[in-house]
Every structure is written in C-alpha cells, then in structure tokens.
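*Asks:* As numbered in my numbering, residues 160 to 535 make up the sequence shown, in order.
Using N, Cα and C, we set each Cβ at its ideal position, and we do this for glycine too.
Supplied in structure tokens, the structure appears directly below.
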Amino acid sequence: MPTALITGITGQDGSYLAELLLSKGYTVYGLVRRSSTPNTSRIEHLKEKIKIVTGDLSDLSSMVTVVAESNPDEFYNLAAQSFVAESWRTPYTTASVTALGVINCLEAIRKINPKIKFYQAGSSEQFGKVQTVPQNESTPWYPRSPYGCSKVFAHEIVRNYRESYGIHASVGILFNHESERRGIEFVTRKITHGTARIKLGLQKKITLGNMDAKRDWGHSKDYVEAMWLILQQPIPGDFVVGSGEAHSVREFVKESFLALGMNISFSGEGINEKGYVDGELVLEISKEHFRPAEVDYLIADSSKAEKILGWKRKISFKELISLMTTYDYENEKMKNHTNNYINETKKEPKIKQESIPEKIQGLSYSQNSILRTFIK
Ligand code: NAP
Ligand code: G4F
160 MPTALITGIT GQDGSYLAEL LLSKGYTVYG LVRRSSTPNT SRIEHLKEKI KIVTGDLSDL
220 SSMVTVVAES NPDEFYNLAA QSFVAESWRT PYTTASVTAL GVINCLEAIR KINPKIKFYQ
280 AGSSEQFGKV QTVPQNESTP WYPRSPYGCS KVFAHEIVRN YRESYGIHAS VGILFNHESE
340 RRGIEFVTRK ITHGTARIKL GLQKKITLGN MDAKRDWGHS KDYVEAMWLI LQQPIPGDFV
400 VGSGEAHSVR EFVKESFLAL GMNISFSGEG INEKGYVDGE LVLEISKEHF RPAEVDYLIA
460 DSSKAEKILG WKRKISFKEL ISLMTTYDYE NEKMKNHTNN YINETKKEPK IKQESIPEKI
520 QGLSYSQNSI LRTFIK
C-alpha cells in the first residue's frame, strides 16, 4: 500500500486528510513541530495509527531528514502560517514558512526521490482583489496580504519545479473550507462558538469586523478528497476547488443563530451595525477586526475539478453551519456542566485520609466515587 507524508497534520485539514488516507489503507507519516505545550489535539484519536516525525518547514535539513525517513509515494504540504490577519503582524515568519518552506519541501524531494508526488495547499487568497468573477485556473493573481503573496510565490515555485525537474507537483487552489475542527480565530468558528455560548447564557455578544466580505465556504472533509484526487492524476497541474456559492459574513451569522432557533436582526451600518435577538444586543462591530487590505468577494469556478477529478462538494453551506454550531453548542454545554460539577464538589466535605490510596486523597465524596468506578 502507498505511503503518504503530511505536513500540517496537526491542523484542520491535516487531521481530516490523515483519516481519509488511513481509510484507504495508506501508511501515514505526519510532520509535527516541537512546541512547549501539546499541539496534537486534532490527531489524538489517530496517534496509534500514524507515524509522527518531527521537523519544521522552514528548516531544510529537517525536511530532508523527514523525506528520507518516510520516503513517501505522496507528499501533501499543508503546513503554513494560515491566518491571514496574523500575516500583517508577522510578514517575515509567514513568508519563511508559507512561501520559502515550499522550496524546502521541493528540494528535499529533488534530492531524495524526484518520483515523489507533491501536493501544495494553494489558496483563493491568491486571487485577492479578484480580476474575474468567478475565479478559475486562468484568473490572474492579485494577492492582498503577506499571506496571499506567500501563497502566490509557493504556487509559482511549484510550477517552476514541475517544469524544471519534471516533478509530479500540483497545486489545489482551495476556497475557504471550515469544520468543527476549525481554529477559533477564523470568522466561521468564532461565530459558531459565540452563538453557542450566547444560547447557553455563557457569553453576551460576538464582536466582528467586516461583515460585507463574501466567501465561498465548504466543509474541510469534502476538500481533502479533492487533494487526494489531484495526486491520483497522471498529469500534474493546478485545480480550483470551491462550492461555486458566495455568502457574506452577515449571512453566516444569521444562519448560525437560526441553527439554534434564534432570529437575529441587524440595524445600523458599517462600524455602527448591531445585531439583536429578542431585543438583546448579541453582535457588534469593532475596528480592531478590520484588515489593512480586504478580499471582498471570492467565488470559485471549479469546472476543471468537476470534469477531470469528478469532484463536487457534498456538504452544503447550511449543513456546514448547522454541523459547526450544533457541535459547539453540545461541546460548550458539556464543558459548562463539568465546570459546575467540579465547583460544586469542591464545596463538599473532604473524605477521610486513612485507608484510601494516596492518589485519591483530598478528593470530595462524589469525585472519589467516580474515580473508584474508573479504577474498578
Ligand atoms: P491550520 O489549521 O492553520 O493548520 C496549519 C498547520 O501548519 C498546522 O498543523 C501547523 O502546526 C502547521 N505549521 C505551521 N507552521 C509550521 C512550520 N513552521 N513547520 C511545520 N508545520 C507548521 O490550517 P488549515 O485550515 O488546516 O489549512 C491547511 C493548509 O491549506 C494551509 O496551508 C492553508 O494555508 C491552506 N488553505 C486553507 C484553506 C482553508 O479555508 N482552511 C483554504 C485555502 C488554503 P501547529 O499545529 O504546530 O501550529
Ligand atoms: O475566516 P477568515 O479569517 O478567513 P480568510 O481570511 O478568508 O482566510 C481563510 O481562507 C483562505 C482561503 O480563501 C485561506 F487561504 C486562509 O488560510 C484561511 O483559511 O476571514 C474571512 C472574512 C474576512 O473577510 C474577514 O475580514 O471574515 C472577515 N471577518 C469579519 N470579522 C473576520 C472577522 N475574520 C476574522 N478572522 N475575525 C473577525 O472577527
């Protein structure tokens, strides 16, 4: 069976791609970078099934070692500083990883085994200030952030290595895709997490930036299928992958509230816009969430992917929002119950110290009885 190496395996897409490849019988290696606290929560359930290798995309020697150790048939490069807003604060780091890191992947392939097939995670941010509507593989680039510029460089260097060395190297130009595993800093998860907490009475309001921006949103599970299909093609190339539907951030907010039975109404404009549910303020706008340059409108023309890969998204915009919002609601509810329980049990009288193992001394009666059940 084939072997795959995934960089960015600890991220949203990496975790879904690992699940997909394991289900197809692949041996999966995942590159994880060292961190002082655990960064593997999204792949905890896969740890027995995958082989973790350590390294860093911005370090050529580590990439050469990792490629030599794993000698994969397919190499999926999903690692990046992927948060657009952050890229203005850390433009150099963003470029080192998201742009130059790709050279390190390609050089490792060239030196170790040029037959390795390579997938590069391209982005609709490369289109930025869009020059055609919708965007396809021929649409010119106009990136609007250090992140977008880095992805353009990455795209062009992949093309160059393909043409210079005949490497089977492809780019998936993927439009926004989200999930229950999306990072909390991205607008979709910030909204679904906030909506869930408002419904549970744990938070009063959500504060956002530009609600007029339009994105072409899908579910990550569908998009990792496209990555795999791209590497199964006899001829490498570039593929635009998106749903072909654009929605504003405001529409996303509305649907997320509706998913939990709340009808949000908006009033005011620009920075003064506000959102209300049953007369209560639940949403406001703050300048701090606006970007120095915005990407206003992204919508994919994925006809090449549909024709050549036979790819089409399965999870709709509304289903995506419902999945994310419901997940956050259940998760926050459980966390809140657990916290309440711990706080309550802290108040109970403590158990007698004699005749109990050292590990469970000092616990309350309820905590102790739960622990004893587990020990049994
Ligand atoms: P993500 O959740 O932010 O994951 C990024 C991954 O990159 C994480 O595993 C992170 O590791 C890793 N990483 C960052 N810097 C690294 C370094 N120096 N060396 C090694 N690994 C490093 O992103 P995602 O949403 O899964 O996206 C996957 C890829 O697709 C990214 O390249 C992104 O730019 C691109 N993309 C995403 C979308 C989208 O809508 N999701 C759309 C188009 C393109 P840690 O866990 O240690 O931070
Ligand atoms: O969720 P976002 O931060 O995602 P963005 O910038 O579209 O980037 C994502 O998709 C790209 C593909 O097009 C990927 F390449 C990239 O790695 C990442 O996954 O912001 C979406 C929109 C923006 O227009 C932003 O200005 O939402 C707007 N927005 C409004 N208020 C906000 C907020 N974004 C964030 N993160 N937080 C806000 O409070």
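1. Count the other C-beta atoms from every protein chain shown that fall within 10 angstroms of the C-beta of Ala239, then say buried if there are 16 or more, exposed otherwise.
2. Under a Cβ-count criterion, where at least 16 other Cβ atoms within 10 Å of its own Cβ denotes burial, should Asn263 be classed as buried or exposed?
3. Could you please give the first and the last residue of the uninterrupted beta strand (DSSP E) stretch that includes Ser402?
4. Only counting the same chain, and skipping five residues up and downstream in sequence, which positions put a Cβ closer than 7 Å to that of Arg193?
5. I'd like the span of the beta strand (DSSP E) that includes Val441, first residue to last.
6. Pick from Glu266, Ser200, Leu390: whose alpha carbon is nearest that of Val226?
7. Buried or exposed, going by whether 16 or more other CB atoms sit within 10 Å of the CB of Ala163?
8. Would Thr485 and Ser415 qualify as a contact pair, given that the criterion is a beta-carbon distance under 8 Å?
9. Gly540 to Ser329, Cα distance in whole Å?
10. With distances taken from CA atoms, which of Thr366, Ala418, Glu478 is nearest Phe449?
11. Is the stretch 300-312 close to the stretch 429-443, with three or more CB pairs under 8 Å?
12. Which whole-angstrom value is the C-beta distance of Ile209 and Gly189, which I expect to be below 8 Å?
13. For Trp300, tell me which candidate among Asp371, Tyr306, Glu284 has the shortest Cα-Cα distance.
14. Any idea what DSSP makes of Leu530, helix, strand or coil?
15. Would you be able to state if there are at least three C-beta pairs under 8 Å between the stretch 333-353 and the stretch 424-431?
16. Which of helix, strand or coil does DSSP assign to Val191?
17. Using the C-alpha atoms, what's the distance from Ser462 back to Tyr175?
18. Please state if the CB of Pro293 and the CB of Ala136 are separated by a distance shorter than 8 Å.
19. Going by other Cβ atoms of all chains shown within 10 Å of its Cβ, with 16 needed for buried, is Arg248 buried or exposed?
20. Where do the ends of the alpha helix (DSSP H) carrying Ile262 lie?
*Replies:* Let me spell this out:
1. It is buried - the Cβ of Ala239 has at least 16 other Cβ atoms within 10 Å.
2. Here Asn263 is buried, its C-beta having at least 16 other C-beta atoms within 10 Å.
3. No beta strand (DSSP E) holds Ser402; DSSP gives it neither H nor E.
4. Excluding sequence neighbours, Arg193 sits near Thr213.
5. Unbroken beta strand (DSSP E) run through Val441: 439-444.
6. Cα-wise, what sits closest to Val226 is Glu266.
7. The residue is buried, with at least 16 neighbouring Cβ atoms inside 10 Å.
8. It is not a contact, given that the beta carbons lie outside the stated cut-off.
9. Residue coverage of the chain in this structure runs from 160 to 535, which leaves residue 540 outside it and unanswerable.
10. Ranked by Cα distance from Phe449, the first of Thr366, Ala418, Glu478 is Thr366.
11. Contact between the stretch 300-312 and the stretch 429-443 is absent: fewer than 3 CB-CB pairs across the two stretches fall below 8 Å.
12. Right, their Cβ atoms sit about 5 Å apart.
13. Nearest C-alpha to Trp300: Glu284.
14. The predicted position of Leu530 is uncertain, since its pLDDT is 48 and thus under 50; a value taken from the coordinates is nonetheless stated next. Collapsing the DSSP output to three states places Leu530 in a helix.
15. As far as the Cβ criterion goes, the stretch 424-431 does not touch the stretch 333-353, which means the pair count is below three.
16. Of the three classes helix, strand and coil, the one that applies to Val191 here is strand, per DSSP.
17. One C-alpha to the other measures close to 24 Å.
18. Nothing about residue 136 can be reported from this structure: the residues present for the chain run from 160 to 535 only.
19. Exposed is the call here.
20. In the DSSP assignment, Ile262 falls within the alpha helix (DSSP H) that extends over 260-271.
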